[in-house]
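When you number the sequence shown by the working numbering, it's gap-free, plus one each residue, and the end is 722.
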Amino acid sequence: MAETPLTYREAGVDIDAADRALRSVASSIQSTYDDRVLAGIGGFGSLFAAEFPGVARPVLVASIDGVGTKTKVAAMVGRYDWLGHDIVNHCVNDILCQGARPLFFLDYFGCSRLDHDAFEAVVRGAADACADAGCALVGGETAEMPGVYVDEEIDVVGSIVGIVDLDRKLPRGKMQAGDVLIGLASNGLHTNGFSLARKALFETAGYSVREEVAGLGTTIGEELLRPHRCYVKSVWPLLDQIDGIRSVAHITGGGLIGNLPRVMAPDIQVFIDRRSWTPPPIFTLIQDAGKVPDPEMYRTFNMGIGMAIIVDRDLSSAVLQRLHQAGEVAAIIGEAQRGPNDVQIV
Numbered sequence: 377m378a379e380t381p382l383t384y385r386e387a388g389v390d391i392d393a394a395d396r397a398l399r400s401v402a403s404s405i406q407s408t409y410d411d412r413v414l415a416g417i418g419g420f421g422s423l424f425a426a427e428f429p430g431v432a433r434p435v436l437v438a439s440i441d442g443v444g445t446k447t448k449v450a451a452m453v454g455r456y457d458w459l460g461h462d463i464v465n466h467c468v469n470d471i472l473c474q475g476a477r478p479l480f481f482l483d484y485f486g487c488s489r490l491d492h493d494a495f496e497a498v499v500r501g502a503a504d505a506c507a508d509a510g511c512a513l514v515g516g517e518t519a520e521m522p523g524v525y526v527d528e529e530i531d532v533v534g535s536i537v538g539i540v541d542l543d544r545k546l547p548r549g550k551m552q553a554g555d556v557l558i559g560l561a562s563n564g565l566h567t568n569g570f571s572l573a574r575k576a577l578f579e580t581a582g583y584s585v586r587e588e589v590a591g592l593g594t595t596i597g598e599e600l601l602r603p604h605r606c607y608v609k610s611v612w613p614l615l616d617q618i619d620g621i622r623s624v625a626h627i628t629g630g631g632l633i634g635n636l637p638r639v640m641a642p643d644i645q646v647f648i649d650r651r652s653w654t655p656p657p658i659f660t661l662i663q664d665a666g667k668v669p670d671p672e673m674y675r676t677f678n679m680g681i682g683m684a685i686i687v688d689r690d691l692s693s694a695v696l697q698r699l700h701q702a703g704e705v706a707a708i709i710g711e712a713q714r715g716p717n718d719v720q721i722v
């Protein structure tokens, strides 16, 4: 029997600290609101006005994801702000593959014991990313669970809801042999493949996150933490205005090989020319460090292509021009042919 009464704080959960942490980021969260947010943080649920002027047949599109073990690299480096960008941008890109633009976002921050600085950095980063993508950060959850999470590590998850007109959803139209695949550049791993990357770089090769390697231009830790790019500003206007775009794939876990078939017609096969782009140096470093075979690299990592668009060949030049004008590094990297529903990288 305990000699003195136990408190929740003594059991490892500090409610007062969580309240202080939330108050510290309230202004950042509220900066993402517009007139559609009727109730945000503080209640038992958030309210968002379901009015969509100009959308004839509105359909809500929802997705949820996490940043995975990239959080372990953030802990090693001691930098957490980019994780907030990671989770928002990942979710925004996912619903973009249905042709949707984002409406609102909710985050989840899990830990063993709340680190105020880490929490504030993640949530402020998420708020900044939401503001940039045009969506509201309407709420979230902070879970302090000693005994479940490892001490001094965190978990970051996010959920998003967007809107698309039913007549403009993706995939759109009939995919044809001869359609081309346009690849949009990533800036590194984004949020996938970190278990393999950490194993190869830190355990097998013995690198440190603070180590600088020729060709990276920064430390390995900073390179791995580059935030997941968001493509909504450059891609969504094309979806709204060009009918010849067949489908869009977010290249996440599974790489080009695993993600493209999700948006391809069942009788279409895509051939990708790996010589049509140069992966960022971090991928070569990982491959050399772990002696990772080419097929494993291409089904684990995005290999420098963060998003792929399948488009009518006749419109490919116009789409590329628009992407370049929007600041994207993009190129034709493959072609669709009749065949089994798979991807061949040659």
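Don't be surprised by glycine CBs; every beta carbon is placed ideally from N, CA and C.
Could you check whether Ile530 and Gly373 sit closer than 8 Å to each other, using their CB atoms as the reference points? Not covered by the structure: residue 373. The range shown for the chain is 377 to 722.
Between Pro637 and Asn717, which are expected to be in contact by the criterion C-beta below 8 Å, what is the C-beta distance as a whole number of angstroms? 5 Å
Tell whether a beta-carbon distance below 8 Å holds between Val540 and Ala476. yes
Count the other C-beta atoms from every protein chain shown that fall within 10 angstroms of the C-beta of Phe570, then say buried if there are 16 or more, exposed otherwise. buried
Quick one: using the 10 Å Cβ neighbour count with 16 as the cut-off for buried, is Tyr674 buried or exposed? buried
Proximity of Asn635 and Ile627 at Cβ, strictly below 8 Å: yes
Would you kindly report the start and end of the unbroken alpha helix (DSSP H) that includes Gln785? Residue 785 lies beyond the residue range present for the chain, which begins at 377 and ends at 722; the question has no answer from this structure.
Contact between the segment 453-461 and the segment 497-513 is defined here as three or more beta-carbon pairs at a separation below 8 Å; is this criterion met? yes
Collapsed DSSP secondary structure at Pro522 in the structure displayed: In the structure shown, Pro522 sits in a strand (DSSP, three-state: E or B).
What residues match up with Ala707 in a beta bridge as DSSP calls it? Gly559
N- and C-terminal bounds of the beta strand (DSSP E) containing Met683: Ile681 to Val687 is the span of the beta strand (DSSP E), which, as asked, contains Met683.
With three or more C-beta pairs closer than 8 Å as the rule, is the segment 676-689 touching the segment 549-561? yes
Neighbourhood of Leu423 by C-beta distance below 6 Å, restricted to the same chain and skipping five residues each side: Leu414 and Ala415
Applying the 10 Å Cβ sphere with the 16-neighbour rule, what's the burial state of Ile440? The residue in question, Ile440, is exposed, as its Cβ has fewer than 16 Cβ neighbours within 10 Å.
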